[in-house]
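Novice:
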Amino acid sequence: MIHEELSRSIIGIAMAVLNELKPGLDEKLYERALVIELRQCGHRVEAQRVFPVSYHGQVIGSLTPDLIVDDAIIVDAKVVAAFTDAHIAQMVGYLAITGLELALLLNFKNARLEWKRVVREVKRDSPPPNLQI
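For the sequence shown, the residue numbers in our numbering are 853 to 985.
#1: Give the DSSP-derived three-state secondary structure of residue 923 in the structure shown.
#2: Could you round the C-beta distance between residue 922 and residue 858 to whole angstroms and report it? I think they count as a contact, below 8 angstroms.
#3: Name the DSSP bridge partner or partners of residue 959?
#4: Determine the burial state of residue 880: buried for a count of at least 16 other Cβ atoms within 10 Å of its Cβ, exposed for fewer.
#5: Based on DSSP bridge pairs, tell me the residues matched to residue 915.
#6: Reducing DSSP to helix, strand and coil, say where residue 954 ends up.
#7: Which ranges does the alpha helix (DSSP H) cover as unbroken runs of at least 4 residues, wholly within the segment 863 to 904, from first to last along the chain?
#8: What separation, rounded to the nearest whole angstrom, lies between the Cα atoms of residue 873 and residue 970?
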């Protein structure tokens, strides 16, 4: 499994955040608490890093994942009834643009944390996408 140990660490930290804050708050509050906890546990966290999106060499916009942990996993906090295809598609887009292989969707809606791993299929003979950063 890709980034198994790091994934487990992030999920455990998210559970601790949910246990402390309780369910149903605004997702930005969970995101900010995750940043605090992840950093206290020694993880590198980038919040709201902007990735330009180019088309035929011209920047047409940008994507901004919630968090990138240890330069390896995109983490997106949600407060939703259930994950939808749109949530998964958003993570697939983030993975394609960032060149990362794994995203974690975390749902803080209920008393029990829900999560979904979204994995980018990587052709091992292809280089990562050319990013303008």
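Glycine is no exception: its CB is placed at the ideal position from the N, C-alpha and C atoms. Quick caveat, the model's predicted, so the values are computed rather than measured.
Specialist: So, from the data block:
#1: coil
#2: 6 angstroms
#3: 930, 966
#4: exposed
#5: 903
#6: strand
#7: 879 to 892
#8: 25 angstroms
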